[in-house]
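Notes follow the structure.
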Amino acid sequence: MTPSPAAAAPAADSTEASAAAPPPASLTFDVGGGWCFGWYHAPALPWRDLAVVLCSPVGHEATCSYPTQVQLATALARAGFPVLRFDYPGTGDAGDDALPPGRVEAWLAGAEAAVAQVRARSQARQVALLGIRLGATLAVETAARLGGVDSLLLWAPCPTGKAFVRELRAAGVQEADGTLHAMGHAHAAETVEQLLALDATRPQCRPAQRVLVVGRDDLPGEGPLPKALRALGAEVEHRVLPGYAAMVDEPRAGVLDAPTLQAVAGWLAASPAAGVRQDPAPAPVEQLQWRSTGAVRETVVRAGPGASLVGVLAEPAGGTGQDRRGQTGVLLLNVGGNHRVGPHRIYTSIARSLANNGYPVLRLDLGGIGDSPPAPGRPWADLYAKTSTQDVRAAIDALAQRGCRDVVLMGICSGSYVAFQTALVDERVGGIVLMNSRLLEWTPGRAGDRWQDSMQQYAKSSDHYRRALFKPAVWRRVLRGQVNVRLIARRFLALAAARLRRWLAFGRAEEPLLAKMQRLCARGTDVLMLVADADDGRDYVEFHFGRDGRRLQGAPRFRMAYVPDADHTFSRPGNQEIVLPLLLRYLDARLPAQPGVQAGGEADAWLSPMRPSA
Numbered sequence: 006m007t008p009s010p011a012a013a014a015p016a017a018d019s020t021e022a023s024a025a026a027p028p029p030a031s032l033t034f035d036v037g038g039g040w041c042f043g044w045y046h047a048p049a050l051p052w053r054d055l056a057v058v059l060c061s062p063v064g065h066e067a068t069c070s071y072p073t074q075v076q077l078a079t080a081l082a083r084a085g086f087p088v089l090r091f092d093y094p095g096t097g098d099a100g101d102d103a104l105p106p107g108r109v110e111a112w113l114a115g116a117e118a119a120v121a122q123v124r125a126r127s128q129a130r131q132v133a134l135l136g137i138r139l140g141a142t143l144a145v146e147t148a149a150r151l152g153g154v155d156s157l158l159l160w161a162p163c164p165t166g167k168a169f170v171r172e173l174r175a176a177g178v179q180e181a182d183g184t185l186h187a188m189g190h191a192h193a194a195e196t197v198e199q200l201l202a203l204d205a206t207r208p209q210c211r212p213a214q215r216v217l218v219v220g221r222d223d224l225p226g227e228g229p230l231p232k233a234l235r236a237l238g239a240e241v242e243h244r245v246l247p248g249y250a251a252m253v254d255e256p257r258a259g260v261l262d263a264p265t266l267q268a269v270a271g272w273l274a275a276s277p278a279a280g281v282r283q284d285p286a287p288a289p290v291e292q293l294q295w296r297s298t299g300a301v302r303e304t305v306v307r308a309g310p311g312a313s314l315v316g317v318l319a320e321p322a323g324g325t326g327q328d329r330r331g332q333t334g335v336l337l338l339n340v341g342g343n344h345r346v347g348p349h350r351i352y353t354s355i356a357r358s359l360a361n362n363g364y365p366v367l368r369l370d371l372g373g374i375g376d377s378p379p380a381p382g383r384p385w386a387d388l389y390a391k392t393s394t395q396d397v398r399a400a401i402d403a404l405a406q407r408g409c410r411d412v413v414l415m416g417i418c419s420g421s422y423v424a425f426q427t428a429l430v431d432e433r434v435g436g437i438v439l440m441n442s443r444l445l446e447w448t449p450g451r452a453g454d455r456w457q458d459s460m461q462q463y464a465k466s467s468d469h470y471r472r473a474l475f476k477p478a479v480w481r482r483v484l485r486g487q488v489n490v491r492l493i494a495r496r497f498l499a500l501a502a503a504r505l506r507r508w509l510a511f512g513r514a515e516e517p518l519l520a521k522m523q524r525l526c527a528r529g530t531d532v533l534m535l536v537a538d539a540d541d542g543r544d545y546v547e548f549h550f551g552r553d554g555r556r557l558q559g560a561p562r563f564r565m566a567y568v569p570d571a572d573h574t575f576s577r578p579g580n581q582e583i584v585l586p587l588l589l590r591y592l593d594a595r596l597p598a599q600p601g602v603q604a605g606g607e608a609d610a611w612l613s614p615m616r617p618s619a
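Taking our numbering, the leading residue of the sequence shown gets 6, the next gets one more, and so forth.
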């Protein structure tokens, strides 16, 4: 496990303040017709007269780097800098879900508004922008539009929007109408054109007096940006600091070590504008008012001991009704180390879609993920921890206080594990949706658990490989060495061995996972398992519950549905158009039957198994 943000914070030296920084406070602020969501990290005392705005990356890199952004903001606040980090319109927790023209302009307007916010909240006289990847490109343009800022710290910057679009095209597909899909994010044709026009090497004026360009630790060379900014008269320094490669990998905590954080804080502290102030810094004020996106309103909700757990609650703009929908609270639980928006923002989409149909939905950060710190003695990003059930139960308490009499838990991958484990110990859970489960019971290192351990080796489903045998293109890839044949063979052998052990022990050995699921359904909990047809977890699910869930045919509250042509987090174009209606129909099927409709009749008809695509 990588170190936590607290453990990775800068060691005590001349750049670190002498007192602890207050906890960050959430905020929202208007940008044109939309709004941004953010966090203000008030500084430790004594504090510095230089406020920092963190301009995040966009798309997949924004989600992956989120723990690093939290870590950077926390470390800089402890070093005495007021810090504001935020989501651009249409990203993360912010408003505006559509793909309208002017998206890049909205991002730039968001960055300018963030500068105004940090000035007003901190009363600092100077501002620095810290941008990561495309966020660095936006930071240069924002600084130039403001007539220059004191300092720019640009981490692995995209020198131009054209370079960023080139990367997106290499990773995704572009439709006939120009919409570019990459890693679960869609960029409209107008947005692509605006990105192509971005050029950090040609700002309209000198964007900052001081610039630090932090190069990628996986690629050598300065690139064109430092030279271009020097030509404008900026004092430009180029360094390579460790951490970039891990920062944009799967979300995890503590990817920046103490020397890297010290270098960042030290460079900012070296600015003549970063003088130490002894007067009290303004106290952080959390904004908990409702903000609307279309027909949905959202607010931050805190739960658990000391209100340390953070979530965002979505509900109809007019408030929840007194009907069964309004009293059914839905909890979305983290996918791995992804914070509450989920990979490619899928949890934000799910929450707003369900809330638009009358259901209150809470996107929760479990302890040690996103903006919820771990409980004392626990590490950050501790996945598959049964102690997470305590966090979920605290969130259920918060929903109950808001009038929810029924609770449904939903989660992808590790989120499904936490949902299942919580349902076993809390009878308030009336339903669970387990999406692409790879493990529902797990004791790491348990003797004879090779089948469970094999699920930590990323492969596709055995059904996918059996169908691939009939495709000539697959065999050509095998001959070229582009297919990991050993990994696939290990998966088939592990599956065959597990099935053989079960056959040899038939009638003598208990199957605890199957028995627990049966007891859960018998208790009255409605279970829906969503499985991507090629997902690596499909073998695990079908081993325990059978194809189409046939080993649980005697449990009427259990259903399994397959999502064709989907990946692990439903990021492919068209996946959400299948998943979102399935979730809504599942919730509606749990409502009291309409007059003239018998239980188990039309309300449950949709739950008949969906066959996977060929």
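We put the CB at the ideal spot given by N, CA and C, even for glycine.
In the same chain as N339, and ignoring 5 residues on each side of it, the C-beta atoms closer than 6 Å to its own belong to L371, I374 and G420, in chain order. Contact annotation: E446 and R528 have beta-carbon atoms that are not nearer than 9 Å. Using a Cβ-Cβ distance cut-off of 8 Å, the region 237–247 and the region 179–194 are not in contact, since fewer than three pairs of beta carbons, one from each stretch, lie closer than that value. Bridge pairing for I437: L414 and V532 [DSSP]. With contacts defined by Cβ atoms closer than 9 Å, H243 and E255 do not form a contacting pair. Apart from the 5 residues on each side of it in sequence, F550 sits with its Cβ closer than 8 Å to the Cβ of L519, M522, M534, R556, L557, F563 and M565 in its chain, given in chain order.
In this structure E303 is buried. Its beta-carbon is surrounded by 16 or more other beta-carbon atoms within 10 angstroms.
Separation of the CB atoms of V546 and S442 is rounded to 6 Å, and the pair is thereby assigned contact status at 8 Å. When DSSP states are grouped into helix, strand and coil, P321 belongs to the strand group.
Taking the Cα of E172 as reference, the smallest distance to any Cα among W160, D572 and R138 is reached at R138. Runs of the alpha helix (DSSP H) lying entirely within the region 480–508, each at least 4 residues long, are absent.
Note on geometry: alpha-carbon atoms of P348 and G177 lie some 16 Å from one another. DSSP lists T33 and D92 as the bridge partner or partners of F42. By the C-beta density criterion, Q406 is exposed, having fewer than 16 other C-beta atoms within 10 angstroms.
In this structure, S61 lies near Y71, with their beta-carbon atoms less than 9 Å apart. Within the same chain, A308 come within 8 Å of D402 by CB-CB distance, once the 5 residues on both sides are set aside. M565: member of the beta strand (DSSP E) spanning F563 to V568, first to last residue. Residue state for V584 is assigned as helix, using DSSP reduced to three classes. Secondary structure at A80: helix, using DSSP grouped into helix, strand and coil.
In the assembly as shown, D92 is a buried residue. Its beta-carbon has 16 or more other beta-carbons within 10 Å. Between S127 and P28, the CB-CB gap reaches or exceeds 9 Å. In this structure, L143 sits away from V57, with a CB-CB distance that is not shorter than 9 Å. Under DSSP, no beta-bridge partner is assigned to C210. Just measuring C-alpha positions, the residue of R552, P106, A424 and L585 sitting nearest S393 is A424. The three-state secondary structure of V145, taken from DSSP, is helix.
Between the C-alpha atoms of L588 and V335 there is a straight-line separation of about 11 Å. The C-beta distance from T165 to T196 rounds to 15 Å, too long to fall under 8 Å, and the pair is not in contact. If you ignore the 5 residues before and after V366, its C-beta comes within less than 6 Å of the C-beta of A319, V335, A356, L359 and A360, all in its own chain and listed in chain order. Nearest in C-alpha terms to P94, of all of R496, A119, A270 and S377, is A119.
Judged by pairs of C-beta atoms under 8 Å, the region 212–230 touches the region 152–168, as three or more such pairs exist. Sequence-distant Cβ neighbours of A148 in its own chain, meaning closer than 8 Å and more than five residues away, are L134, V154, L157, P208, P212 and A213. Residue L234 holds the alpha-carbon nearest to the alpha-carbon of P162 among A125, L234, Q131 and E117. In the structure shown, the three-state DSSP call for A133 is strand. Runs of the beta strand (DSSP E) lying entirely within the region 303–350 and spanning at least 3 residues, in chain order: 314–321 and 333–338. Judged by DSSP in its simplified three-state form, C60 adopts strand. Boundaries of the alpha helix (DSSP H) around E547: G542 to F550.
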